[in-house]
Every structure is written in structure tokens, then in C-alpha cells.
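In terms of the numbering used here, the sequence shown opens at residue 202 and continues consecutively.
Note that the Cβ used here is the ideal one computed from N, Cα and C, for glycine as well.
Below is one structure, written out as C-alpha cells; the observations come after it.
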Amino acid sequence: MKRALFCRGTLLAQQVALESSVPAAISPALLPRLHRAMSSVSIPPPACLLKPLEAPFRYLFGPGPSNVPPRILAAGGRPIIGHMHPEMFEIMNDIKKGIQYAFQTENNMTIAMSGSGHTAMECAIFNTVEPGESVLVAINGIWGERVAEIAKRMGANVHTMVKAPGGYFTNQEIEQALAKHKPVLFFLTHGESSAGIAHPVDGIGDLCRQHNCLFLVDSVASLGGAPLYMDKQNIDILYTGSQKALNAPPGTAPISFNERACKKMSSRKTKPVSYLLDMTHLSNYWGCDGKPARIYHHTGPVSGFFALRESLAILAEKGLENSWRHHKEVAEYLYKGLEDLGLKLFVPDKSLRLPSVTTIAIPSGYDWREILAYLIKYHQMELTGGLGPSMGLVLRVGLMGYNCSKTNVDLVLLALADALKHCHKSKA
Ligand SMILES: Cc1ncc(COP(=O)(O)O)c(C=O)c1O
């Protein structure tokens, strides 16, 4: 054992000596030739990787990812530990509690996915729907389209209700569609980030119960930015992403299933199409299945979980209600500033606007791509255009969590005023 450690140490020392002995004067351009002369491999090390990493500072004021505050960056930068170490399980338990708070749920089956918001989206559908079952999807922007596509791919019988971006569904419309299609699952996006809508949720969970259907809600763009109460609003499955108002780096995605959803999952006749996203394994990995031991399933993103824990800690310290209030106040300050610039908000009804992501109708005569390019070039600021059905209709400003401040609104307004002055306006 001692000998093995010694040998590994010697090897490492030799490797370091070797790396540091490459003369600094050799130009990266010469390395491929040198490599060919000395090496048995035919593909040389890529020249781009022999240069230092470059990632510029950007104000990330689009719909995500948001800037990550130093405290969360530092948490993510801590030395990693094993994904199955007891300390890691403690951290995962803390994350579970933080998600329960952020979602306002007591659900035991509450975890964070190793992956982005789409991973949680797929996890929800793959685990609660079986091929041939009927699914109803509300589409008023891109996210319903995505869910319909995912459900179709796994063999569900997909029905859609469609509104133009900016539109929303009344409970009566939803009830009629539930009665008509008899789905096992109804999907709704709470914060439709492509359109800038915060969809009303009250009463829909009750309708789903009456129609024996699960209620699945996407809160990737709204969690922490607009009120949502998983248990009180009878939401059966809720998911979000790490990189919006939570301000953690992209790559982890909280999700929670209530008892109704768990019952549907445990009564499946077929296995979910994905092994990685199978909740039977994930619930064990997260200690939700009551079994005494957690068994290896996959290697979770340890640094991502450190960062997610810190972001949930910040939300817990700030308080959900304060966070919702703050996003609303800052959003209203932004609306006023945009209107003072002569810009038109895309969602006319203020009560339907998503406080975390604001959509602006593209000012007439301007090329939206030129505006966005100008902002990046001269202000190091990312705003974005529309997505899916809202492409070409809107510009999007996302001020979420750490980024949500009146100072940042002022920065956005100054940058936009400058862009409108300098970008080309057609005569038409
Ligand atoms: C409402 C909504 N749902 C889902 C997603 C997808 O999340 P991700 O890009 O993390 O996969 C996004 C991303 O912007 C979103 O805004």
C-alpha cells in the first residue's frame, strides 16, 4: 500500500517535472510538429487548449443564466468530496429542505436533478406517463411546445391547447379540455419566459383532481420571482432550474412529486424510457425511498450541488415573500423606465406579467438582432430576443435574484436608450 502510494507520488512528481520542463519559449504553433516527431498518437493536442481559458465578464440580463454572486461561486469552488460520502448526503438533505421551502411543499419525494431544467422536464414526463396514455399540454410559448415534443417521443398520446405568446388559458377552457381528452397529466408553464407571462395557477390543481389527472407545472423562470405554493395550489409535480432567480450555475434542477404523483409512478406497468432519469433509482440516491442504504446510481454534480445549496440558503435567509415582493417592485420600476423610453411592453395586462422576465415589443423599424449585438459590444450586456413562437416579436430582459435591483434596471435603461440612438431605424 505504502509502496503504491509512493509510486503514484513519484509518477506525479515526474509528470509535474516533465510539464514544467517544456520551455516556455516553444510557440503553440510549433507544438503539433514537435508532437508528431515525438509521439505515438496521430491527433496532436489542440492549439486552442494550449491557450488560457477566456470568459469575459457579461451582465447577464436576459432570461438566464443569471450572474452568479461571489458567495455561490465560492461554494461551487470548494474542494469536491465523493458523491457518496456521508457529508455529501447531508448536503443533499439540506438541498431537499431548501427545495421544500422554495416550493412550499412537504413532499418527501423532493430532489435535485443532475442536469438543466430540461432534465427535470423529461424526468417528470418519463416517470408519470406511460406510452399510449393521454397527455394535455398548454402551449402559450416555447415550453409547452417542448413538453409536447418530449411526451410524443416517449409515445404518449399528446393533445395541445394553443394560444399565441402572451395569451393565457381560463380555468373554464382548461376544464373543457380535461373533460374532452381525459389526460393522465396536464402541463402548464407558470413563468413563460419566452412570452413574459406569469400564468394564473389557482383552481387548476382542483380541476385536475376532479378529472383524475396529474398537474405538472414548470417554474424554471418564475421560482423565487413570483408567488407559487405547490401544496396549497395542488400542484402534483413541480420543477425549476438552478440558473435563474436561484443564481446558481446552470446544471442542477429541483423537482418534487406529491403522493398522487408517487402513486402513479409506483403503479406503472412499464419502466421509464430513461435509466438515468428513473425516479426509482433517483429517490434512493436522494434518500427518499425509506431504504437504509443509498446505492450508487450516477455521479452527481458535486460542485453544482454545493452551489445549489448555497443559493437555497440565500433564498432561505432572504425569505420567499421578500423575494417575490422585491422582484415585483423592481419589475414595476423597469416597466416605468421602458415606457418613458417610448417602448411598449409586450404583455398589456400588468397583472399577468412575469416579474422575473419582462418582454418588450420590438420597437418598430429596428432590427432586434442589431440591438442585441450593440448591447453586447458596447455595454457587455446580454438581453435576448424571443424564442420559438415569440421569435421576432420581443426583446427579453431578465433581472432575477442577485441581478434584480433598481441599479441594474438603470443600467438596462441607459444601454437600451444608447442602442436605440445608435442602431439603424428603417424609414418604413
Ligand atoms: C420556463 C422555462 N422552462 C424550461 C427551461 C429550460 O431550462 P434549461 O435551459 O435549464 O434546460 C427554461 C429555460 O430558459 C425556461 O425558461
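- Restricting attention to I244, Q373, P384 and G277, the CA atom closest to the CA of S512 is found in G277.
- In this structure G356 touches P332 by the C-beta definition: roughly 3 Å separates them, less than 8 Å.
- At the C-beta level, E323 and I343 stay beyond 7 Å of one another.
- With respect to the 7 Å criterion, F327 and S475 are classified as neighbours on the basis of their beta carbons.
- The beta carbon of N358 sits closer than 8 Å to the beta carbons of G333, E334, S335 and V336 from its chain, once the five residues preceding and following it are set aside; these are given in chain order.
- Apart from the 5 residues on each side of it in sequence, T441 sits with its Cβ closer than 6 Å to the Cβ of S420, V421, L424 and P455 in its chain, given in chain order.
- The closest CA to that of K464, considering only Y486, D437, G488 and G299, is found on D437.
- Judged by the Cβ position, S475 fails to qualify as a neighbour of ligand 1 at the 6 Å threshold, every heavy atom of the ligand being at least this far.
- Remark: the C-beta of G602 is outside contact range of ligand 1, defined as less than 6 Å to any heavy atom.
- Taking all protein chains in view, the Cβ of C624 is crowded by 16 or more other Cβ atoms within 10 Å, so the residue is classified as buried.
- Separation of L516 and A313 (C-alpha to C-alpha, rounded to the nearest whole angstrom) is 16 Å.
- Shown here, D419 sits in a strand according to DSSP, grouped into three states.
- For D490 and T311, the gap between their C-alpha atoms comes out near 11 Å.
- Your pair F507 and I292 checks out as a contact, with CB atoms roughly 7 Å apart and the cut at 8 Å.
- Each of S484, H360, R526 and P502 was checked against the Cα of P280, and the nearest Cα belongs to P502.
- For the pair of segments examined, the segment 261–273 was found to touch the segment 584–591: the number of CB pairs separated by less than 8 Å reaches three.
- When the Cα atoms are used, H528 and P253 turn out to be separated by approximately 38 Å.
- Annotated three-state conformation of Y575 is helix, per DSSP.
- Straight-line measurement puts the Cα of A321 at about 25 Å from the Cα of H382.
- Only residues of its own chain outside the window of five on either side were considered, and among them S267, N268, V269, P270, I273, S512, I515, M601, G602, Y603 and N604 have a CB closer than 8 Å to the CB of N448, listed in chain order.
- Take M362, set aside five residues on each side of it, and the residues of its chain with a beta-carbon closer than 8 Å to its own are L337, V338, A339, I340, F370, E374, I375 and A378, in chain order.
- Residue environment analysis places I572 among the buried positions, since at least 16 neighbouring C-beta atoms fall within 10 angstroms of its C-beta.
- Counting C-beta atoms within 10 angstroms of its own C-beta, N609 has 16 or more neighbours from the protein chains shown and is therefore classed as buried.
- In the same chain as G538, and ignoring 5 residues on each side of it, the C-beta atoms closer than 7 Å to its own belong to V610 and L614, in chain order.
- Between A325 and P366 a beta carbon distance of about 23 Å is seen, past the 8 Å cut, so the two are scored as non-contacting.
- For H360, no alpha helix (DSSP H) run applies; the uninterrupted beta strand (DSSP E) run containing it begins and ends at N358 to V363, by DSSP.
- K622 has its alpha-carbon roughly 43 Å from the corresponding atom of S504.
- Shown here, K626 sits in a strand according to DSSP, grouped into three states.
- Counting of Cβ neighbours within 10 angstroms places I282 among the exposed residues, the total staying below 16.
- Distances from the CB of A422 to the heavy atoms of ligand 1 include at least one below 6 Å.
- Within the segment 564–624, the runs of beta strand (DSSP E) at least 3 residues long that lie entirely inside it are, in chain order, 595–599.
- Residue side-chain check: G452 keeps its Cβ at 6 Å or more from all non-hydrogen atoms of ligand 1.
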